[in-house]
């Protein structure tokens with residue numbers, strides 16, 4: 022296992038910013054930040070006490086770890102240019118396989134923090150699950166060691182598992198946020214303050230500690246209250262998209278309930 | 022304004038149990054519990070220090086408030102039988118109008134706590150928004166007074182607003198829980214522990230304090246990452262229902278984004 026001392030970061034977006042700051046808070050040293058956006062790159066470099074680098078060719082070749090915290094399409098692009106001799110390189114994506122890094126180095130891995138990162142909102146990284154993947158056992162141990170310095174929730178998973186996890190996260194987070202947005206849209210048209218829904222949203226999320234989440238389902242669909250469902254569809258008669266979502270969700274919940282009853 | 026001293030509760034389900042216990046904790050007296058299910062009715066009556074009553078005809082006629090905390094279809098049924106002279110009667114439903122109580126008493130209202138109630142899970146009622154409606158100003162003041170004894174979030178809203186709010190709650194809570202259930206189903210098939218998704222779910226829910234929720238949208242749909250979307254649809258190729266949901270949600274998010282861009 023190698024000890025990570027000097028880190029080079031490629032990227033200056035949300036993921037790059039949150040992860041690198043967490044690493045620095047845990048006593049690691051960010052040496053260089055490379056970004057195609059000089060403005061955010063320079064700002065992040067300054068915050069980290071790192072050098073800002075504009076071109077891949079100018080990167081320090083002697084760091085212990087290179088983190089590609091860039092969007093999915095840029096990973097392949099950078100991997101086409103970056104060449105490292107025996108240095109560890111990782112990307113942070115939920116959807117890209119580890120093999121995209123094949124041209125860069127023999128020591129490659131994935132370091133995927135599973136959380137939704139927003140600008141300006143500090144995330145307590147100690148709770149963020151970090152999913153590790155590596156081809157070599159030594160690299161895996163090094164990345165595990167690094168991950169456990171920033172988080173108490175560290176997991177070794179395969180590229181296939183990571184893709185499924187990312188897909189599940191889209192349902193659990195992106196689609197969920199969209200449901201909140203639809204709810205906000207509906208009540209705001211009727212001058213109802215969103216505060217009325219906030220405790221419900223928090224309670225629903227906090228109920229999920231236990232598994233068997235479908236068993237927590239409440240509301241008109243699971244109870245097959247057709248009069249209520251009809252009333253809701255009537256209220257949505259001029260909102261085709263919301264009506265389609267309502268119909269599909271309601272049907273899916275009822276079907277799932279019937280399938281479970283048969284098991 | 023009348024002072025509520027003696028309360029009669031009709032119903033012994035989740036809503037009845039949670040609400041009546043909150044009232045008792047705030048020093049109010051639950052006189053009688055009526056339920057068609059003797060088992061849960063007797064149990065709740067015992068917990069509240071109240072009498073259990075089996076038939077509407079046997080109910081005390083001298084209480085100050087009658088709460089119909091039963092399911093929607095039972096409200097109309099009970100309202101067809103219950104006759105009260107000048108006593109306040111309320112129901113607790115999000116979807117039923119106030120006028121269903123017309124035959125029961127001239128003093129009628131709605132007392133709708135907006136929260137998802139589960140058996141065995143105690144809810145801190147002080148945060149639960151309570152939505153009040155009444156035909157008469159005096160009844161409204163009485164119900165407001167009562168509501169502020171159990172919650173810091175009390176709102177006077179109309180039947181129409183309440184119906185929209187209930188519809189919004191279906192999106193914000195029921196459909197959201199279903200999204201969690203889909204996520205759990207997807208990862209459990211791949212032996213990934215649900216713990217990995219829990220921090221993401223909590224963070225997504227805790228982000229909603231601000232309004233403009235659609236602006237918090239992250240993920241492949243809002244970024245129109247078609248390669249990722251294709252990968253996800255491929256992973257869902259044998260899960261028609263989930264695939265349909267994924268498609269509809271993704272399209273809706275993208276359309277909404279384009280509409281917003283035009284504004």
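Residue numbers (my numbering), protein chains in the order written: chain E, 22 to 284; chain W, 22 to 284. Heads up, the beta-carbon is just placed ideally off N, CA and C, and yes, glycines get one too. The model shown is predicted, which means the values in this text are computed figures rather than measured ones.
For this session: Show which residues of chain E have a CB atom less than 9 Å away from the CB atom of residue 253 of chain W.
Result: 116, 184, 187, 188 and 191
Problem set entry | residue 112 of chain E versus residue 89 of chain E: straight-line alpha-carbon distance, rounded | 5 Å
Exercise. Interface residues of chain W around residue 120 of chain E at Cβ under 7 Å?
Worked result: Result: empty, since nearest Cβ-Cβ is about 15 Å, beyond 7 Å.
Exercise. Which of the residues in the segment 143 to 163 of chain E, read from start to end, lie with their CB under 8 Å from any CB of chain W?
Worked result: 144, 148, 149, 150 and 152
For this session: Provide the residue(s) that pair with residue 134 of chain E in DSSP beta bridges, ordered along the chain.
Result: E:151
For this session: Give a yes or no on whether the minimum CB-CB distance between residue 259 of chain W and chain E is below 8 Å.
Result: no
For this session: May I have the straight-line CA-CA distance separating residue 125 of chain E from residue 53 of chain E, to the nearest angstrom?
Result: 18 Å
Exercise. If you measure beta-carbon to beta-carbon, which residues of the segment 190 to 213 of chain W are closer than 9 Å to chain E?
Worked result: Of all residues in the segment 190 to 213 of chain W, 190, 191, 192, 193, 194, 195, 196, 197, 198, 199, 200, 201, 202, 203, 204, 205, 206, 207, 208, 209, 210, 211, 212 and 213 have a Cβ within less than 9 Å of some Cβ in chain E.
For this session: Measure from the C-beta of residue 278 of chain W to each C-beta in chain E and report whether the shortest distance is under 8 Å.
Result: no
For this session: Measure the CB-CB distance between residue 190 of chain W and residue 135 of chain W and report whether it falls below 8 Å.
Result: yes
Exercise. Among E:208, E:145, E:87 and E:104, which one has its Cα closest to the Cα of residue 163 of chain E?
Worked result: E:87
For this session: Classify residue 52 of chain W as helix, strand or coil using the three-state DSSP reduction.
Result: strand
For this session: Entirely within the segment 161 to 230 of chain W and at least 4 residues each: give me those alpha helix (DSSP H) ranges in chain order.
Result: Entirely contained in the segment 161 to 230 of chain W, the alpha helix (DSSP H) runs reaching 4 residues are, in chain order, 180 to 190, 197 to 209 and 219 to 227.
Exercise. Does the segment 209 to 227 of chain W come within contact of the segment 102 to 118 of chain E, defined as at least 3 CB pairs closer than 8 Å?
Worked result: no
For this session: Taking all protein chains shown into account, decide if residue 177 of chain W is buried (16 or more other Cβ within 10 angstroms of its Cβ) or exposed.
Result: exposed
Exercise. Does DSSP put residue 262 of chain W in a helix, in a strand, or in coil?
Worked result: helix
Problem set entry | Where the beta strand (DSSP E) containing residue 72 of chain W begins and where it ends | 72 to 74
Exercise. Does DSSP put residue 144 of chain W in a helix, a strand or coil?
Worked result: coil
Problem set entry | Per DSSP, cross-strand counterpart(s) of residue 88 of chain W | W:30 and W:111
Exercise. Near residue 316 of chain E, which residues of its chain fall below 8 Å by C-beta distance, leaving aside the five closest residues on each side in sequence?
Worked result: For chain E, the structure presents residues 22 to 284; residue 316 of chain E sits outside this window and is missing.
For this session: Provide the residue span of the alpha helix (DSSP H) that contains residue 126 of chain E, from first to last.
Result: Per DSSP, residue 126 of chain E lies in no alpha helix (DSSP H) and is assigned neither H nor E.
Exercise. Given that residue 52 of chain W touches chain E, what residues does it touch there, using C-beta distances under 7 Å?
Worked result: Simply none; closest approach about 29 Å.
For this session: Residues of the segment 51 to 72 of chain E with a CB closer than 9 Å to any CB of chain W: list them in chain order, please.
Result: none
For this session: Would you mind telling me which residues of chain E sit closer than 7 Å to residue 132 of chain W, beta carbon to beta carbon, in chain order?
Result: In chain order: nothing, as chain E lies at least about 15 Å away.
For this session: Report the three-state DSSP secondary structure of residue 42 of chain W (helix, strand or coil).
Result: helix
Exercise. Mapping DSSP to helix, strand and coil, what is residue 98 of chain E?
Worked result: helix
For this session: Could you round the C-beta distance between residue 193 of chain E and residue 234 of chain W to whole angstroms and report it? I think they count as a contact, below 8 Å.
Result: Going by Cβ atoms, the distance from residue 193 of chain E to residue 234 of chain W rounds to 16 Å, so no, they are not a contact pair.
Exercise. Can you tell me whether DSSP reads residue 103 of chain W as helix, strand or coil?
Worked result: coil
Exercise. Using the beta-carbon of each residue, which ones in chain W are nearer than 7 Å to residue 98 of chain E?
Worked result: Going along chain W, no residue has its Cβ under 7 Å from residue 98 of chain E, so there is no contact; the nearest lies around 13 Å.
Exercise. Is it true that the CB of residue 250 of chain W sits closer than 8 Å to the CB of residue 225 of chain W?
Worked result: no
Problem set entry | Cβ-based contacts, 9 Å cut-off: residues of the segment 217 to 229 of chain W near chain E | Per Cβ criterion, the list reads 217, 218, 219, 220, 221, 222, 223, 224, 225, 226, 227, 228 and 229.
For this session: Out of W:139, W:182, W:146 and W:140, point me to the one whose CA is closest to residue 153 of chain W's CA.
Result: W:182
Exercise. How would you label residue 22 of chain W, buried or exposed, when you count the other beta carbons within 10 angstroms and need 16 or more for buried?
Worked result: exposed
For this session: Drop a sphere of 10 angstroms on the beta-carbon of residue 248 of chain W, count the other beta-carbons inside from all chains shown, and report buried for 16 or more, exposed for fewer.
Result: exposed
Problem set entry | residue 218 of chain W beta carbon less than 8 Å from that of residue 204 of chain W | yes
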